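Here's the structure we're looking at; comments come further down.
Numbering (our numbering), first residue to last: 1 to 288.
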(Lines of atoms letter the chains of each structure in order from A and count residues from 1; the text may use other names and numbers.)
(Lines give C-alpha, C1' and ligand atoms only; values in the text may rest on other atoms or scores of the structure.)
Protein backbone atom coordinates (compact mmCIF):
# COMPACT_ATOMS: atom_id res chain seq x y z
CA UNK A 1 0.00 0.00 0.00
CA UNK A 2 1.83 3.09 -1.24
CA UNK A 3 2.78 5.62 1.42
CA UNK A 4 0.99 3.66 4.09
CA UNK A 5 1.25 0.59 6.24
CA UNK A 6 0.24 -3.02 5.89
CA UNK A 7 -0.99 -4.68 9.07
CA UNK A 8 -0.02 -8.22 9.85
CA UNK A 9 -1.91 -10.10 12.53
CA UNK A 10 -2.42 -13.85 12.57
CA UNK A 11 -1.28 -15.30 9.19
CA UNK A 12 -3.83 -17.19 7.13
CA UNK A 13 -2.33 -20.61 7.81
CA UNK A 14 -2.33 -19.93 11.56
CA UNK A 15 -5.99 -18.92 11.88
CA UNK A 16 -6.67 -22.27 13.52
CA UNK A 17 -9.48 -23.51 11.21
CA UNK A 18 -9.93 -26.61 13.38
CA UNK A 19 -13.60 -27.06 14.34
CA UNK A 20 -14.93 -24.48 11.87
CA UNK A 21 -14.63 -22.98 8.39
CA UNK A 22 -13.01 -19.88 9.86
CA UNK A 23 -10.77 -19.14 6.85
CA UNK A 24 -13.73 -18.76 4.49
CA UNK A 25 -15.63 -16.64 7.00
CA UNK A 26 -12.69 -14.33 7.71
CA UNK A 27 -12.02 -13.86 3.99
CA UNK A 28 -15.64 -12.77 3.51
CA UNK A 29 -15.49 -10.39 6.49
CA UNK A 30 -12.36 -8.73 5.06
CA UNK A 31 -13.61 -8.51 1.47
CA UNK A 32 -13.97 -5.03 -0.05
CA UNK A 33 -17.60 -5.67 -0.97
CA UNK A 34 -18.58 -6.55 2.60
CA UNK A 35 -16.59 -3.69 4.16
CA UNK A 36 -18.12 -1.20 1.70
CA UNK A 37 -21.62 -2.34 2.66
CA UNK A 38 -20.83 -1.98 6.37
CA UNK A 39 -19.27 1.46 5.86
CA UNK A 40 -22.39 2.62 4.03
CA UNK A 41 -24.35 2.12 7.27
CA UNK A 42 -22.47 4.97 8.94
CA UNK A 43 -24.30 8.29 9.01
CA UNK A 44 -24.62 11.39 11.16
CA UNK A 45 -26.57 9.79 13.96
CA UNK A 46 -25.91 7.01 16.44
CA UNK A 47 -27.18 3.63 15.26
CA UNK A 48 -29.73 2.05 17.56
CA UNK A 49 -28.30 -1.39 16.83
CA UNK A 50 -26.04 -3.10 14.31
CA UNK A 51 -26.70 -6.70 13.40
CA UNK A 52 -23.76 -9.05 13.13
CA UNK A 53 -22.78 -9.95 9.58
CA UNK A 54 -24.44 -13.11 8.38
CA UNK A 55 -25.34 -15.21 5.36
CA UNK A 56 -27.45 -12.39 3.93
CA UNK A 57 -24.31 -10.23 3.72
CA UNK A 58 -22.27 -12.98 2.05
CA UNK A 59 -20.71 -14.45 5.18
CA UNK A 60 -20.64 -18.25 4.94
CA UNK A 61 -22.62 -20.04 7.63
CA UNK A 62 -20.69 -21.80 10.38
CA UNK A 63 -19.75 -25.35 9.38
CA UNK A 64 -18.15 -27.73 11.85
CA UNK A 65 -14.97 -29.37 10.54
CA UNK A 66 -12.80 -32.28 11.60
CA UNK A 67 -10.03 -30.91 13.85
CA UNK A 68 -7.75 -33.82 12.99
CA UNK A 69 -7.40 -32.35 9.49
CA UNK A 70 -6.06 -29.04 10.77
CA UNK A 71 -4.97 -29.05 14.39
CA UNK A 72 -1.60 -30.70 15.05
CA UNK A 73 -2.58 -31.22 18.68
CA UNK A 74 -5.44 -33.49 17.61
CA UNK A 75 -3.07 -36.03 16.07
CA UNK A 76 -0.33 -35.99 18.69
CA UNK A 77 -0.09 -38.69 21.34
CA UNK A 78 0.17 -36.65 24.48
CA UNK A 79 2.47 -38.22 27.10
CA UNK A 80 1.26 -38.70 30.61
CA UNK A 81 1.71 -35.46 32.56
CA UNK A 82 4.49 -35.10 35.06
CA UNK A 83 3.86 -34.30 38.69
CA UNK A 84 1.48 -31.43 39.31
CA UNK A 85 1.67 -29.09 42.25
CA UNK A 86 -0.36 -26.22 43.59
CA UNK A 87 1.28 -22.94 42.72
CA UNK A 88 2.66 -20.81 45.51
CA UNK A 89 0.70 -17.61 45.20
CA UNK A 90 2.45 -14.36 46.04
CA UNK A 91 0.24 -11.38 46.85
CA UNK A 92 1.12 -8.38 44.70
CA UNK A 93 -0.36 -4.98 44.03
CA UNK A 94 -1.14 -6.12 40.49
CA UNK A 95 -2.26 -9.66 41.17
CA UNK A 96 -5.11 -9.11 38.68
CA UNK A 97 -2.61 -8.51 35.88
CA UNK A 98 -2.74 -11.94 34.29
CA UNK A 99 -2.15 -11.29 30.59
CA UNK A 100 1.31 -10.50 29.22
CA UNK A 101 2.11 -8.83 25.91
CA UNK A 102 5.57 -8.28 24.50
CA UNK A 103 7.15 -6.98 21.31
CA UNK A 104 10.69 -7.61 20.05
CA UNK A 105 12.54 -6.12 17.07
CA UNK A 106 16.13 -7.14 16.37
CA UNK A 107 18.91 -5.41 14.47
CA UNK A 108 18.14 -7.37 11.30
CA UNK A 109 14.57 -6.07 11.11
CA UNK A 110 12.92 -9.25 12.40
CA UNK A 111 9.93 -8.55 14.63
CA UNK A 112 7.73 -10.47 17.03
CA UNK A 113 4.51 -9.48 18.79
CA UNK A 114 3.10 -11.96 21.32
CA UNK A 115 0.21 -11.97 23.78
CA UNK A 116 -0.30 -14.79 26.28
CA UNK A 117 -2.59 -15.26 29.25
CA UNK A 118 -3.37 -17.57 32.13
CA UNK A 119 -6.81 -15.93 32.26
CA UNK A 120 -7.44 -14.88 35.87
CA UNK A 121 -5.57 -14.75 39.17
CA UNK A 122 -2.75 -17.26 38.71
CA UNK A 123 -4.74 -19.40 36.31
CA UNK A 124 -5.73 -22.81 37.61
CA UNK A 125 -3.29 -22.43 40.56
CA UNK A 126 -1.51 -25.52 39.16
CA UNK A 127 2.06 -25.73 37.90
CA UNK A 128 3.28 -28.45 35.54
CA UNK A 129 6.84 -28.64 34.26
CA UNK A 130 7.50 -25.07 35.32
CA UNK A 131 4.46 -23.74 33.44
CA UNK A 132 1.38 -22.22 35.03
CA UNK A 133 -1.78 -23.87 33.68
CA UNK A 134 -4.49 -21.43 32.66
CA UNK A 135 -8.15 -21.55 33.61
CA UNK A 136 -9.46 -20.48 30.23
CA UNK A 137 -12.18 -23.14 30.27
CA UNK A 138 -14.42 -20.30 31.43
CA UNK A 139 -13.97 -18.73 27.98
CA UNK A 140 -15.96 -21.52 26.32
CA UNK A 141 -19.66 -20.94 25.71
CA UNK A 142 -21.37 -22.42 28.76
CA UNK A 143 -23.50 -25.45 27.97
CA UNK A 144 -22.47 -25.60 24.32
CA UNK A 145 -20.86 -28.78 23.01
CA UNK A 146 -19.72 -30.30 19.74
CA UNK A 147 -21.03 -28.36 16.77
CA UNK A 148 -21.06 -24.87 18.30
CA UNK A 149 -17.96 -22.94 17.29
CA UNK A 150 -17.03 -22.07 20.88
CA UNK A 151 -18.39 -25.19 22.57
CA UNK A 152 -16.42 -27.59 24.74
CA UNK A 153 -14.50 -30.36 22.92
CA UNK A 154 -11.29 -32.37 23.44
CA UNK A 155 -8.04 -30.61 22.37
CA UNK A 156 -10.00 -27.43 21.70
CA UNK A 157 -8.90 -23.92 22.58
CA UNK A 158 -11.46 -21.43 23.82
CA UNK A 159 -12.26 -18.20 22.07
CA UNK A 160 -10.18 -15.30 23.40
CA UNK A 161 -9.62 -11.69 22.38
CA UNK A 162 -5.97 -11.10 21.57
CA UNK A 163 -4.54 -9.08 18.71
CA UNK A 164 -0.72 -8.88 18.63
CA UNK A 165 0.17 -7.09 15.41
CA UNK A 166 3.00 -5.88 13.18
CA UNK A 167 2.75 -2.99 10.71
CA UNK A 168 5.06 -2.85 7.68
CA UNK A 169 5.73 0.27 5.63
CA UNK A 170 5.59 0.52 1.84
CA UNK A 171 9.12 -0.88 1.60
CA UNK A 172 8.28 -3.92 3.70
CA UNK A 173 10.14 -2.66 6.77
CA UNK A 174 8.77 -2.95 10.30
CA UNK A 175 7.11 0.28 11.38
CA UNK A 176 5.38 -0.92 14.53
CA UNK A 177 5.20 -4.13 16.56
CA UNK A 178 2.71 -4.04 19.43
CA UNK A 179 0.11 -5.86 21.47
CA UNK A 180 -2.03 -5.47 24.58
CA UNK A 181 -3.56 -7.06 27.62
CA UNK A 182 -7.05 -6.07 28.70
CA UNK A 183 -9.64 -8.68 27.74
CA UNK A 184 -12.38 -8.06 25.17
CA UNK A 185 -11.39 -4.49 24.20
CA UNK A 186 -7.82 -5.54 23.25
CA UNK A 187 -8.49 -5.09 19.49
CA UNK A 188 -9.72 -1.55 20.21
CA UNK A 189 -6.54 -0.76 22.15
CA UNK A 190 -4.52 -2.05 19.20
CA UNK A 191 -6.38 0.16 16.71
CA UNK A 192 -6.11 3.21 18.97
CA UNK A 193 -2.34 2.85 19.24
CA UNK A 194 -1.89 2.32 15.50
CA UNK A 195 -3.95 5.39 14.61
CA UNK A 196 -2.22 7.59 17.18
CA UNK A 197 1.32 6.52 16.26
CA UNK A 198 1.30 5.68 12.57
CA UNK A 199 -1.52 7.89 11.28
CA UNK A 200 -1.39 10.94 13.57
CA UNK A 201 2.35 10.83 14.27
CA UNK A 202 2.26 10.65 18.06
CA UNK A 203 5.27 9.30 19.95
CA UNK A 204 4.71 5.61 20.74
CA UNK A 205 4.59 6.24 24.51
CA UNK A 206 2.03 9.03 24.08
CA UNK A 207 0.05 6.86 21.67
CA UNK A 208 -0.12 4.00 24.18
CA UNK A 209 -1.02 6.32 27.06
CA UNK A 210 -3.74 8.11 25.10
CA UNK A 211 -7.37 7.71 26.13
CA UNK A 212 -9.06 4.38 25.47
CA UNK A 213 -12.43 3.76 23.85
CA UNK A 214 -14.38 0.67 22.89
CA UNK A 215 -17.67 -0.41 21.33
CA UNK A 216 -17.85 -3.73 23.13
CA UNK A 217 -19.89 -2.79 26.17
CA UNK A 218 -23.01 -4.88 26.87
CA UNK A 219 -22.53 -7.41 24.07
CA UNK A 220 -21.19 -4.86 21.56
CA UNK A 221 -24.20 -2.52 21.88
CA UNK A 222 -22.71 0.21 24.10
CA UNK A 223 -19.93 2.68 23.26
CA UNK A 224 -17.61 3.32 26.21
CA UNK A 225 -14.91 5.91 26.92
CA UNK A 226 -12.16 5.60 29.52
CA UNK A 227 -13.23 6.95 32.91
CA UNK A 228 -11.09 9.75 34.33
CA UNK A 229 -9.65 10.75 30.95
CA UNK A 230 -10.27 13.92 28.88
CA UNK A 231 -12.09 11.85 26.24
CA UNK A 232 -15.11 11.63 28.55
CA UNK A 233 -15.66 15.36 28.04
CA UNK A 234 -17.03 14.43 24.62
CA UNK A 235 -19.92 12.41 26.02
CA UNK A 236 -22.43 15.24 26.45
CA UNK A 237 -21.84 16.57 22.95
CA UNK A 238 -22.00 13.13 21.38
CA UNK A 239 -25.33 12.46 23.07
CA UNK A 240 -26.86 15.75 22.00
CA UNK A 241 -25.46 15.76 18.45
CA UNK A 242 -25.56 12.12 17.46
CA UNK A 243 -28.44 10.74 19.48
CA UNK A 244 -26.57 8.58 21.98
CA UNK A 245 -28.26 7.94 25.30
CA UNK A 246 -26.98 7.12 28.78
CA UNK A 247 -27.62 3.50 27.89
CA UNK A 248 -25.65 3.49 24.63
CA UNK A 249 -22.70 5.75 25.51
CA UNK A 250 -21.04 5.92 28.91
CA UNK A 251 -17.70 5.92 30.70
CA UNK A 252 -16.02 2.95 32.33
CA UNK A 253 -12.63 1.70 33.46
CA UNK A 254 -10.68 0.48 30.43
CA UNK A 255 -7.40 -0.83 31.83
CA UNK A 256 -5.26 -1.67 28.85
CA UNK A 257 -1.82 -3.27 29.03
CA UNK A 258 -0.15 -2.16 25.83
CA UNK A 259 3.48 -2.61 24.86
CA UNK A 260 5.15 -1.86 21.56
CA UNK A 261 8.14 -0.79 19.52
CA UNK A 262 7.94 1.89 16.81
CA UNK A 263 10.71 2.00 14.22
CA UNK A 264 11.70 5.08 12.25
CA UNK A 265 14.25 5.22 9.42
CA UNK A 266 16.74 7.88 8.41
CA UNK A 267 17.53 8.85 4.83
CA UNK A 268 20.38 6.34 4.94
CA UNK A 269 17.95 3.57 5.97
CA UNK A 270 19.36 3.37 9.47
CA UNK A 271 16.70 2.33 11.99
CA UNK A 272 15.88 4.00 15.29
CA UNK A 273 13.81 2.06 17.81
CA UNK A 274 11.32 3.60 20.22
CA UNK A 275 9.89 1.27 22.88
CA UNK A 276 7.05 1.95 25.29
CA UNK A 277 4.75 0.25 27.80
CA UNK A 278 1.33 1.21 29.12
CA UNK A 279 1.32 3.45 32.20
CA UNK A 280 -1.90 1.73 33.34
CA UNK A 281 -0.03 -1.45 34.31
CA UNK A 282 3.48 -2.62 35.09
CA UNK A 283 5.82 -2.79 32.10
CA UNK A 284 8.88 -1.32 30.49
CA UNK A 285 11.05 -1.06 27.38
CA UNK A 286 14.71 -2.02 27.06
CA UNK A 287 17.33 -1.96 24.32
CA UNK A 288 20.38 -4.23 24.07
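C-beta atoms are modelled at their ideal positions from N, C-alpha and C, and glycine is treated no differently. For clarity, every value in this text was computed on a predicted model and none was experimentally measured.
Check your understanding: How long is the line joining the alpha carbons of residue 208 and residue 126, rounded to whole angstroms?
Key -> Each residue's Cα considered, the two are about 33 Å apart.
Exercise for review: Leaving aside the five residues before and after residue 253 along the sequence, list all residues of the same chain whose C-beta is less than 7 Å from its C-beta, in chain order.
Suggested key: Here residue 253 has 227 as same chain residues with Cβ atoms under 7 Å from its own Cβ, once five neighbours each way along the sequence are excluded.
Check your understanding: Would you call the CB atoms of residue 231 and residue 247 closer than 9 Å?
Key -> No, the pair does not count as a contact, with Cβ atoms beyond the cut-off.
Practice item. Report the rounded CA-to-CA distance for residue 22 versus residue 268, giving the unit in angstroms. Key: Their backbone Cα atoms lie some 43 Å apart in a straight line.
Point to revise | Straight-line Cα distance separating residue 160 from residue 28 | key: Answer to the nearest angstrom: the Cα atoms are 21 Å apart.
Practice item. Quick one: give me the first and last residue of the alpha helix (DSSP H) that residue 342 is part of. Key: In the structure as shown, the chain starts at 1 and stops at 288, and residue 342 therefore has no counterpart that could be examined.
Exercise for review: Please name the residue in 44, 199, 271 whose C-alpha comes closest to that of residue 240.
Suggested key: Cα-wise, what sits closest to residue 240 is 44.
Practice item. Within 10 angstroms of the Cβ of residue 181, are there 16 or more other Cβ atoms? Answer buried if so, exposed if not. Key: By the 16-neighbour rule on beta-carbons within 10 angstroms, residue 181 is buried.
Review point. Taking Cβ to Cβ, would you say residue 19 is nearer than 9 Å to residue 156?
Key: Annotated as proximal: residue 19 and residue 156, with beta-carbon spacing under 9 Å.
Check your understanding: Do residue 103 and residue 177 have their CB atoms nearer than 9 Å?
Key -> Yes; because the gap between Cβ atoms is below 9 Å, this pair is in contact.
Check your understanding: The alpha helix (DSSP H) with residue 126 in it runs from where to where?
Key -> The continuous stretches of alpha helix (DSSP H) do not include residue 126, which lies in the beta strand (DSSP E) extending over residues 126-128.
Review point. Which same chain residues, not among the five before or five after residue 149, have their C-beta less than 6 Å away from its C-beta?
Key: So the qualifying residues of the chain are 20, 62.
Exercise for review: Take residue 255 and list the residues in its own chain whose beta-carbon comes closer than 8 Å to its own, dropping the five residues that flank it on each side.
Suggested key: Within the same chain, residue 255 has close Cβ partners 182, 280, 281.
Exercise for review: Can you check the region 133-173 for any alpha helix (DSSP H) of at least 4 residues that lies completely inside it and give the ranges in chain order?
Suggested key: Listed in chain order, nothing qualifies, since the region 133-173 has no complete alpha helix (DSSP H) run of 4 or more residues.
Practice item. Please confirm if residue 190 has its CB atom under 9 Å from at least one CB of chain B. Key: Absent here is chain B; the protein component of the structure consists of one chain.
**Study point:** Proximity to residue 184 [Cα-Cα], best of 265, 224, 52, 173
**Key:** By alpha-carbon distance to residue 184, the top candidate from 265, 224, 52, 173 is 224.
Exercise for review: Would you tell me roughly how many angstroms separate the C-alpha atoms of residue 220 and residue 186, rounded to the nearest one?
Suggested key: Distance from the CA atom of residue 220 to the CA atom of residue 186, rounded to whole angstroms, is 13 Å.
Review point. Secondary structure at residue 42, three-state DSSP: helix, strand or coil?
Key: Residue 42 falls in the coil class under three-state DSSP.
Practice item. Compute the beta-carbon to beta-carbon distance between residue 128 and residue 158, rounded to the nearest angstrom, for a pair I have assumed lies under 8 Å. Key: With 8 Å as the limit, residue 128 and residue 158 do not qualify as a contact, their Cβ atoms being about 19 Å apart.
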